[in-house]
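Below is one structure, written out as structure tokens, with a few remarks after it.
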Amino acid sequence: MIVDVHTHFFRPDLDFGPRLRADLARCHVNPASWGEIGERHLETTRAADVAVVFGLQASATDWNIPNDVVARHVARAADRLLFFVALDPLHPHCLEELERGHQDLGAVGVKLAPLYQNVHPCDPRCRAIYQYCVKHGLPVLFHVGTSFVGGTLLDYSRPVHFDAVAVEFPELRMVLAHLGHPWEGETIAVIRRHPHVYADLSALYYRPWQFYHSMRLLVEYRTEAKVLFGSDFPFTTTGDSLAGVRGVNSILAQSGLPGIPESVIEGILHRDALTLLGLPHPGRGRPA
Ligand SMILES: [Zn+2]
């Protein structure tokens, strides 16, 4: 079974504020190139058996994707999509939104993005979220590593800060997205220390040297079992990401550099993310 643990749903025209539009334009990202996101999401995520879907709430960088809208989209393919509630720790009613997302909208996990939200992962407002998640068995997927957005502290995205979260909340299941690029080595140092901290491979394959290097680090530290497959739709698709991960050795040519064993690649692509994160199968209910 293939689980894409990292797909976004949003409506750029309605959900992106002016600062975010300016950031996208500065980095030459054109939201129109994503086409009709809802239909494309439903179609392209079929390359996996199950996909996790979330929006983003981040007043500091002008993202405002209503959780209700994402939950409604997930309901269109409830047999194969899972909804994570997106929270902005700076929002005064963040904990109410967490409870509403979990109890009324059917969220089975939480999405946070400290870099986008300009909040330290160890901030008391984040820790209140972690407490709820531990109590109710909800995993948290964090954006970790760099991004095109400006105006916030890059430091909040350093993988090492999530080490401190894991020490304080050892039962919290966490996913550090994008292997924390360009600090993949630091992310590996964190995930190998904590049984419930994982990373995902989303949005990495199209930087072939860095991706190969990161995969070698995973092999050399023997941490590949802590890594899950993700795409980062609509920045890429599930199918393109599967092909990109499988093509990791294509830059080696005749270089003599060691390849990434197929067993490592396929092991990651078929990792049982649902069981590891304590998630239900959308069509079948919770794992035994
Ligand atoms: Zn993402």
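If you read the sequence shown in this note's numbering, its first letter stands for residue 11, the second for the next number, and so on. For glycine and all other residues, C-beta sits at the position ideal for the given N, C-alpha and C.
Check, Outcome
"Pairwise C-alpha distance: Q264 and I139", "50 Å"
"Beta bridge counterpart(s) of T105 as assigned by DSSP", "The displayed chain sequence assigns Leu, not Thr, to residue 105. Answer is none; L105 lacks a bridge partner."
"Contact set for A87: own chain, Cβ-Cβ below 7 Å, skip 5 residues either direction", "L52"
"Contact test: A187 Cβ vs ligand 1 heavy atom, cutoff 7 Å", "yes"
"Close beta carbons around G111, own chain, < 7 Å, minus the five adjacent residues each side", "N77, V95 and A117"
"Pair within 8 Å by beta-carbon distance, L66 and K121", "yes"
"Coil, strand or helix - F239 by DSSP", "coil"
"Ligand 1 heavy atom lying under 7 Å from the CB of D25", "no"
"For D250, the nearest candidate out of L92, R56 and F19 (CA to CA)", "R56"
"Range covered by the beta strand (DSSP E) that runs through A263", "Segment: none, A263 is in no beta strand (DSSP E) and carries neither H nor E."
"Cβ shell of M11 (< 6 Å), same chain only, five flanking positions each side left out", "D59"
"N-terminal and C-terminal residue of the alpha helix (DSSP H) that T248 is part of", "T248 to R256"
"8 Å Cβ cutoff met for V15 and G155", "no"
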